[in-house]
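These protein sequence lines map, in sequence, to chains A and B.
Residues in the first sequence are numbered from 4 upward in steps of one, following this note's numbering.
Residues in the second sequence are numbered from 68 upward in steps of one, following this note's numbering.
What follows is one structure encoded as structure tokens, with my remarks underneath.
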Amino acid sequence: MSAPVLELAGLTRRYAGLVAVDEVELAVQPGTVHAVIGPNGAGKTTLFNLISGIVVPSEGTIRFLGQDVTAAPPFKRAAAGMGRTFQNIRIFAEMTVLENVLTGLAPGFTGGLLAVVAMLPGLRRAEREARTRALEVLDIVGLADRAHVPAASLPYGDQRRLEIARALASAPRLILLDEPAAGMNPAETVALGALVRRIRDAGTTVLLVEHDMGFVMELSDRVTVLNFGRRIFEGAPDTVKREPTVIEAYLGPKVATRLAGVTT
Amino acid sequence: MMAWWDDFFWTYQNLVYALGINGLLALSIYVVLAVGQLSLGQAAFMGLGAYSSTIMTVKFKLPFLLVLPASCVVPVVFALLIGGPTLRLSGVYLAIATIGLGEVLRAVYLNIDYFGGALGLSGIPERAGVGAIYGLLVVALLVLWLVGRSHIGRAMEAMRTDETAAEVMGINVPRYRLGALLASAVLAGLAGALSAHVSSFIGPNEYGFEPAVTILSYALLGGIGTPIAPVLGAWILTLLPEMLRGLADFRLVFNGLIIVIAVLFLPRGLLAFRLRRS
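Laid out in structure tokens, this is it:
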């Protein structure tokens with residue numbers, strides 16, 4: 004197996020009186036869709052915030068593409084090839100759809116104040132190339148015809164796809180999707196599944212948090228289960244469904260033993 | 068035509084100067100608000116520009132062509148000094164810390180004889196004029212317009228909308244914050260030097276809390292969607308007291324009322340539209 008894209012070792016985040024993420028080990032293999040599931044409050048979003056650098060870990064290390072990025076600020080991780088979306092949509096509402104995607108290309112722009120004021124041709128070329136790339140990405144998520152409308156005017160499902168496009172713009176090596184199917188209707192969820200597969204096939208590794216189990220089971224190559232901040236299981240999707248500790252985490256110990264009685 | 072201008076200028080000279088200088092101050096607050104930072108050190112930077120340029124002119128007899136660009140140096144040094152510790156702050160905490168800078172400097176000017184104490188520094192030769200003031204205002208507007216339309220402007224708007232999302236998109240948030248603070252210091256420093264060299268006198272109380280809030284109100288009234296918006300706000304708030312002379316003591320009340328109404332009913336300012344980049 005090739006070297007993991009992302010490797011977490013003993014990753015811990017403590018808050019006053021609460022361990023949100025507790026010594027989590029995780030290795031995300033390149034070219035896979037890796038899902039993190041768990042009941043509400045299991046620490047999934049905190050884990051994503053740790054990986055993208057919004058939250059600083061209390062202990063443990065994060066390695067991205069072989070580099071230790073534990074202390075790197077979010078923008079450096081993004082520039083190194085990590086994109087993400089948010090559980091509660093965080094698009095730049097007043098910008099157009101195209102401008103939103105262009106912000107995702109920020110690390111590609113090197114010109115400073117002087118280059119801007121001098122209107123250097125290199126900068127104009129960079130802007131033109133960025134626009135071409137942004138339209139390409141909008142085409143991938145199916146929003147190319149909406150490029151020039153204000154982002155806030157898009158319906159909910161489209162705003163989610165725009166967030167994915169923004170994160171995809173710089174062709175990241177790893178994309179973190181935080182509950183991408185939340186609030187989507189079944190047809191939208193199916194289309195999203197196809198999109199995630201296309202992203203993976205285009206060479207971007209996908210790490211996702213999701214509550215829609217059908218979506219996770221059908222799409223993922225590997226599933227990690229968290230409960231109370233701890234990793235309680237990791238395996239292929241079909242093994243997760245049968246795992247007693249996972250059933251117990253979701254449904255409680257009584258149901259778990261009863262189910263175990265039925266199946267054995 | 069020229070006679071008309073001479074006549075007008077003779078009567079309203081100070082107002083003409085104040086409109087240009089306050090326009091520069093409006094741009095000084097605009098650059099920090101445009102990256103989402105409620106940094107209120109503009110009056111303090113203006114004071115540093117005014118005092119340092121006055122000392123260069125009066126005590127060292129340096130030519131104005133040298134004094135004007137050099138008047139940015141001290142404000143920029145202070146911006147770098149306070150930049151480090153305050154860049155981690157945001158919102159009202161940053162506002163308090165930066166207002167504190169102005170108050171500390173006021174106490175320094177007041178208590179050190181070299182700065183003239185409570186009497187301030189007087190006898191400043193009139194070296195600046197309409198050309199220097201409005202020339203710089205136009206250049207500053209042009210530069211900020213170009214910046215606003217570029218990828219830098221896009222990054223600034225992203226930061227102001229959602230700083231966390233902007234940083235996750237790869238925008239170097241700390242660098243933009245410091246850059247905005249330095250630009251703010253340069254603009255306010257220039258405004259301070261220009262105002263000192265058209266008014267013949269500067270005093271410690273001109274750069275404290277009250278002017279800091281006045282400068283903020285320029286942007287509140289005008290908006291921050293484009294660089295021209297806060298300048299318009301500055302012009303209205305500078306002209307208003309002149310137009311309302313009939314109200315005598317009630318002028319300030321009326322002024323305050325306008326700001327309250329603007330904040331309540333025009334939360335995005337008079338010029339609410341944003342820069343188009345497409």
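Glycine is no exception: its CB is placed at the ideal position from the N, C-alpha and C atoms.
Note that the structure is a prediction, hence the values are computed from the model and not measured.
Check your understanding: Could you check where the beta strand (DSSP E) with residue 210 of chain A kicks off and where it finishes?
Key -> 208-212 is the extent of the beta strand (DSSP E) around residue 210 of chain A.
What does the alpha-carbon distance come out to for the pair residue 238 of chain A and residue 259 of chain A? Rounded to the nearest whole angstrom, the C-alpha separation of residue 238 of chain A and residue 259 of chain A is 19 Å.
Residue 138 of chain A versus residue 41 of chain A - alpha carbon distance: Using only the alpha carbons, I get a separation of about 36 Å.
Going straight from the alpha carbon of residue 79 of chain B to that of residue 250 of chain B, what length do you get? Put simply, the backbone Cα of residue 79 of chain B is about 30 Å away from that of residue 250 of chain B.
(Q) Check whether chain B comes within 8 Å of residue 106 of chain A, counting only Cβ atoms and requiring the distance to be less than that. (A) Residue 106 of chain A counts as touching chain B.
Checklist line | residue 130 of chain B versus residue 97 of chain A - alpha carbon distance | finding: A straight-line Cα-Cα distance of about 47 Å links residue 130 of chain B and residue 97 of chain A.
key: 8 Å Cβ cutoff met for residue 118 of chain B and residue 282 of chain B   = Not closer than 8 Å, so no.
Original post:
What does residue 231 of chain B touch in chain A if you count any residue whose Cβ is under 7 Å from its own?
Top reply: Ordered by position in chain A, the residues that pass the 7 Å Cβ test against residue 231 of chain B are 57.
Original post:
What's the gap between the Cα of residue 111 of chain A and the Cα of residue 168 of chain A?
Top reply: For the pair residue 111 of chain A and residue 168 of chain A, the Cα-to-Cα distance works out to about 16 Å.
- [ ] Say whether chain A places a C-beta atom closer than 8 Å to the C-beta of residue 326 of chain B.
- [x] The beta-carbon of residue 326 of chain B is placed no less than 8 Å from the nearest beta-carbon of chain A.
Subject >> chain B contact for residue 116 of chain A (CB, 8 Å cutoff) >> reply: Taking Cβ atoms only, chain B reaches closer than 8 Å to residue 116 of chain A, which makes this a yes.
Go ahead and label residue 328 of chain B buried or exposed: buried means 16 or more other beta carbons lie within 10 angstroms of its beta carbon, across all protein chains shown. Exposed is the call here.
Open item on the list: So the candidates are A/85, A/124, A/153 and A/242; which of them puts its Cα closest to the Cα of residue 176 of chain A?
Closed with: Ranking A/85, A/124, A/153 and A/242 by Cα distance to residue 176 of chain A puts A/85 first.
Quick check on residue 187 of chain A: does DSSP put it in helix, strand or coil? Residue 187 of chain A: coil per DSSP, three-state reduction.
Checklist entry - Which residues, in chain order, does the stretch 218-246 of chain B contribute to contact with chain A at a C-beta distance below 8 Å? => result Listed by position along the chain: 218, 219, 221, 222, 224, 225, 228, 229, 231, 232, 233, 234, 235, 236, 237, 238, 239, 240, 241 and 246.
message = Let me check one thing: in DSSP terms, what residues is residue 15 of chain A bridge-paired to?
response = DSSP, once it has assigned bridges, lists A/62 as partnering residue 15 of chain A.
key: Close-in-space but distant-in-sequence residues of the same chain around residue 134 of chain A (CB under 8 Å, 5 per side omitted)   = Non-local beta-carbon contacts of residue 134 of chain A in its own chain, meaning distances under 8 Å to residues more than five positions away in sequence, involve 101 and 105 in chain order.
ask   = What are the residues that DSSP puts in a beta bridge with residue 227 of chain A?
value = DSSP output for residue 227 of chain A lists A/39 and A/237 as bridge partner(s).
Residue 162 of chain B vs residue 274 of chain B beta-carbon contact at 8 Å:
Contact: no.
Worksheet entry | Environment of residue 143 of chain B [buried if 16+ CB atoms lie within 10 Å] | With 16 or more other Cβ atoms within 10 Å, it is buried.
request  = Step through the CB atoms of chain A and report whether any lies within less than 8 Å of the CB of residue 210 of chain B.
outcome  = The Cβ of residue 210 of chain B sits closer than 8 Å to at least one Cβ of chain A.
Pairwise C-alpha distance: residue 132 of chain A and residue 69 of chain A:
Answer to the nearest angstrom: the Cα atoms are 30 Å apart.
- Item | chain B contact residues for residue 120 of chain A, given Cβ-Cβ distances below 7 Å | Those within 7 Å of residue 120 of chain A in chain B are 210 and 213.
**Message:** If contact is defined by three or more beta carbon pairs under 8 Å, each pair taking one atom from either stretch, is the stretch 214-224 of chain B in contact with the stretch 120-136 of chain B?
**Reply:** Not touching, per the Cβ criterion.
Report yes or no: is there a C-beta of chain A within less than 8 Å of the C-beta of residue 155 of chain B? Any Cβ of chain A closer than 8 Å to the Cβ of residue 155 of chain B would place that residue at the interface, and such an atom is absent.
Checklist entry - Taking 8 Å as the CB-CB limit, is residue 95 of chain A close to chain B? => result At least one chain B Cβ lies under 8 Å of residue 95 of chain A.
### Query
Beta-carbon of residue 341 of chain B versus every beta-carbon of chain A: anything under 8 Å?
It does; some Cβ of chain A falls within 8 Å.
- Task: Please check if any C-beta of chain A sits within less than 8 Å of the C-beta of residue 194 of chain B.
- Result: No, residue 194 of chain B does not count as interfacial toward chain A.
Output needed for residue 146 of chain A: all residues of its chain with C-beta closer than 7 Å, excluding positions within five of it in sequence on either side, in chain order. These residues qualify, in order along the chain: 100, 161, 164, 165 and 168.
Identity of the residues DSSP links to residue 268 of chain B by a beta bridge:
According to DSSP, residue 268 of chain B bridges with B/189.
Alpha-carbon spacing of residue 151 of chain B relative to residue 160 of chain B, whole angstroms: Taking the straight line joining both Cα atoms gives about 15 Å.
- Task: Round the Cβ separation of residue 222 of chain A and residue 202 of chain A to the nearest angstrom and send it over; I've been treating them as touching at under 8 Å.
- Result: Actually they do not touch by this definition, with Cβ atoms about 11 Å apart.
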